[in-house]
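Numbering (my numbering), first residue to last: 79 to 146.
This is the structure we're talking about:
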């Protein structure tokens, strides 16, 4: 956490990848059905916490991967 600047809005994923490359930060892209929405706004984070983390299908492995 903190290795790259947080980016929000259109193109934020690409910006994160580019920053990681410039700073030589190793990245891991986690492709999960339950994570396939855009996490840009505080409201999106609230949606993640209430709709997915509390969902039975969101298992501990995923929470560990994204370090929740």
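Think of the CB as a built atom: it goes at the ideal place given N, C-alpha and C, for glycine as much as any other residue.
Computed from a predicted model, the values in this text were never measured in an experiment.
### Message
Cutting at 7 angstroms between CB atoms, please list the residues of its own chain near residue 97, excluding the five before and the five after it.
### Response
Indexing the chain shown from 1 puts residue 97 at position 19. For residue 97, where only same-chain residues beyond five positions count, the Cβ hits under 7 angstroms are 82 and 83.
### Message
Between the alpha carbons of residue 129 and residue 122, how many angstroms are there, rounded?
### Response
For the purposes of this step, residue 129 is taken as the residue at position 51 of the chain shown. For the purposes of this step, residue 122 is taken as the residue at position 44 of the chain shown. Computed Cα separation, rounded: 10 angstroms.
### Message
Helix, strand or coil, according to DSSP, for residue 110 in the structure here?
### Response
Start at 1 with the first residue of the chain shown, and residue 110 comes out as number 32. In the structure shown, residue 110 sits in coil (DSSP, three-state: anything other than H, G, I, E or B).
### Message
For residue 91 and residue 118, what's the separation of their Cα atoms in angstroms?
### Response
Within the chain shown, residue 91 is the residue found at index 13, counting from 1. Within the chain shown, residue 118 is the residue found at index 40, counting from 1. For residue 91 and residue 118, the distance between alpha carbons rounds to 10 angstroms.
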